[in-house]
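Read through the structure below, which is laid out as structure tokens, and then see the notes.
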DNA sequence: ACTCCCTATCGAAGCGCTTCGACAGACTAT
DNA sequence: ATAGTCTGTCGAAGCGCTTCGATAGGGAGT
């Protein structure tokens, strides 16, 4: 392992000079700088992360806490995680992957040990038990998601309330008066995940404003669960002509079932999905959808975090404005 | 930040004693141990990761390099990543998330800086450019996937050759003589990803042995691409009665298209998928499939890595034996 | 020629921990 | 009793880096 001292000796300067060349915190003459850089290259020097962290109290690591559950909106999570990792690298940070498993303890551990300089939390519940810990520490953090109380926190999220409203508006504008919502799995609501509840909120209040009838049913992903849910919906509200789907893994089953029952999309019924664009365009019907901007959320979260670490930036809630893209799955209500 | 020294003072012992209590590397009297543990709890002490890494030359971090591409078998990747993270934690390791973006440089950086003690590489190509670096370092590593040359490497993977063979066997046994393979996206073959080529290998050689005709077509995911591919296949080989699908995101589109064309599964055509069980059971037809044991692969990789770090374990290739589960998508060839 | 101020560099301290060797005291073996 | 052996604890060195204060030398200003 090549050390700073060896580089210094090789370049004929002191260790501190090499350090300053690396960090740029003091001015160095061009000739010296070049000599040092040359030595670094020749020796293949890489600064030791531990020593750096110890001396500077900065690890240059961002912790990312992803949900343990692998049964939920997986592609979105993955996309966010990758966006976080690549964005972090462009700012000189690496990413430590924590699973929700440890829960609040992970926050304590990371904060206490100086393993990471900051953290990003995903899958935030409305009243998340990790939040008090975050508030009680001076370690910067950003949430992807929106808890009930955001005081003292920085959050990045799609505006799911507006998303819900947007879906209803679109369908209402096309004349639909009876709308069914295929929600996330029951467990998602039970643990009060912010995005699911907010979407529902937006859907409901806009429906009421527009005088549209709304039926919400949670739904596990998959074909069988969707079949049961759809049957129940059509049983309770036979006049349903519009669907809003939030659970990605219910999208394709729903389309298949509707087809099977002879209900044409979009001639007989309209379907709006809340999902990444890729899912919307790859479905068997090109779906009118509100995109979940996973990449942007991940990138944004990192940038806000880096700003905080640099002493810029402050606590604030960033709600990304949803955009609805009309594709081939929605149309006017049948005469 | 509470330090070791403060704990020592609080407990009335020396710093080294506290250290030994923590590491258990020397015997400590019960009374002293308890007093120290008490102090640790009272003060809320967490050892500083950087200092530890510096002093012990061990970071207790495992680097996980995931592919940058988010367009391929995402659920499998995610599941592996989560399995890696949770398994690593049970052995006292944290996981650093690297994306493929940096390529070989990431290997150099991590190895050189001592950021991680070991690494796990996913999405290995047959002739991966990171391999020479791994061979040239004494840092332990495990590949999830199988390159062409495995000398000096430890690999964990599903035996995709056997997987391919198994799929053909199953269909052949049911009487199918004309089998079409829906492969991964063309790009996957172009960069010579091990698992895709090996599967194809297994499919082809077993088909030849059994005298079965095999047609392989790469396919991007999604409905449109699948429609084109299917049309081409049925055009070239109208008598095709068996399908093997490797691209997860082509599964549901294929089923929908077959249904749409009036080809019943499994009465008219049989479909075998290579995918996680969850996908197989949630599809519109419960799919006969060979499972991709993502969790097991992740766990296994970590355990092998930890064994290496502990000085046990050696280079070897672990090929997990594939298992085919018969569900509702395959049946005897129609009379 | 003198001070004053930069700029470029160096030396040394110290970050918080691990680990090695030393050693006091309690036991066992002779 | 004496030497030998453990067991439990301590002190100190050192891991590789950052950073602070000091300093030498070169210009600019007077």
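Residue numbers (the working numbering), protein chains in the order written: chain A, 48 to 382; chain B, 48 to 382. The C-beta atom is built at its ideal place from N, Cα and C for all residues, glycine as well.
CB contact below 9 angstroms: residue i versus chain A
i, result
"residue 129 of chain B", "yes"
"residue 310 of chain B", "no"
"residue 148 of chain B", "yes"
"residue 78 of chain B", "no"
"residue 144 of chain B", "yes"
"residue 57 of chain B", "no"
"residue 177 of chain B", "no"
"residue 92 of chain B", "yes"
Contact belief for residue i with residue j at Cβ below 8 angstroms, rounded distance in angstroms
i, j, result
"residue 144 of chain A", "residue 144 of chain B", "4 angstroms"
"residue 192 of chain B", "residue 170 of chain B", "6 angstroms"
"residue 164 of chain B", "residue 356 of chain B", "6 angstroms"
"residue 225 of chain B", "residue 286 of chain B", "5 angstroms"
"residue 318 of chain A", "residue 304 of chain A", "Not really, about 11 angstroms apart at Cβ, beyond 8 angstroms."
"residue 96 of chain B", "residue 289 of chain A", "With 8 angstroms as the limit, residue 96 of chain B and residue 289 of chain A do not qualify as a contact, their Cβ atoms being about 53 angstroms apart."
"residue 127 of chain B", "residue 345 of chain B", "4 angstroms"
CB contact below 9 angstroms: residue i versus chain B
i, result
"residue 271 of chain A", "yes"
"residue 132 of chain A", "yes"
"residue 240 of chain A", "no"
"residue 108 of chain A", "yes"
"residue 328 of chain A", "yes"
"residue 194 of chain A", "no"
"residue 331 of chain A", "yes"
"residue 204 of chain A", "no"
Residue i in three-state terms, based on DSSP
i, result
"residue 83 of chain B", "helix"
"residue 263 of chain B", "strand"
"residue 197 of chain A", "coil"
"residue 330 of chain A", "coil"
"residue 376 of chain A", "coil"
"residue 125 of chain B", "helix"
"residue 169 of chain A", "coil"
"residue 273 of chain B", "helix"
"residue 112 of chain B", "strand"
"residue 335 of chain A", "strand"
"residue 287 of chain B", "coil"
"residue 75 of chain B", "coil"
"residue 141 of chain A", "strand"
"residue 311 of chain B", "coil"
"residue 214 of chain A", "helix"
"residue 185 of chain B", "coil"
"residue 103 of chain B", "helix"
"residue 61 of chain A", "coil"
"residue 368 of chain A", "coil"
"residue 50 of chain B", "coil"
"residue 152 of chain B", "helix"
"residue 205 of chain B", "strand"
"residue 317 of chain A", "strand"
"residue 190 of chain B", "strand"
"residue 225 of chain B", "strand"
Own chain partners of residue i with C-beta closer than 7 angstroms, once the 5 adjacent residues on each side are dropped
i, result
"residue 332 of chain B", "302, 312, 375, 376"
"residue 115 of chain A", "146, 147, 148"
"residue 139 of chain A", "107"
"residue 373 of chain A", "335"
"residue 105 of chain B", "164"
"residue 184 of chain B", "158"
"residue 341 of chain A", "123, 126, 127, 130, 323"
"residue 339 of chain A", "123, 205, 321, 322, 323"
"residue 222 of chain A", "379, 380"
"residue 233 of chain A", "265"
Cutoff 6 angstroms; reference residue i; Cβ partners in own chain excluding five residues on either side
i, result
"residue 212 of chain A", "249, 253"
"residue 348 of chain B", "167, 189, 191, 203"
"residue 219 of chain A", "257, 259"
"residue 174 of chain B", "195"
Cβ shell of residue i (< 8 angstroms), same chain only, five flanking positions each side left out
i, result
"residue 60 of chain A", "79, 82, 83"
### Message
Closer than 8 angstroms is the cut-off here; do at least three beta carbon pairs connect the region 131-147 of chain A with the region 181-190 of chain A?
### Response
The region 131-147 of chain A is not in contact with the region 181-190 of chain A.
### Task
Check whether the region 64-75 of chain B touches the region 357-366 of chain A, taking contact to mean three or more Cβ pairs, one atom from each stretch, closer than 8 angstroms.
Segments in contact, no.
### Validate contact between the region 320-330 of chain B and the region 250-263 of chain B using beta carbons, cut 8 angstroms, 3 pairs
Flag = no, the region 320-330 of chain B and the region 250-263 of chain B do not touch.
### Query
Is there contact between the region 231-245 of chain B and the region 276-285 of chain B, where contact requires at least three CB pairs shorter than 8 angstroms?
no
### Task
Examine the Cβ distances between the region 283-297 of chain B and the region 258-274 of chain B and report whether three or more of them are shorter than 8 angstroms.
yes
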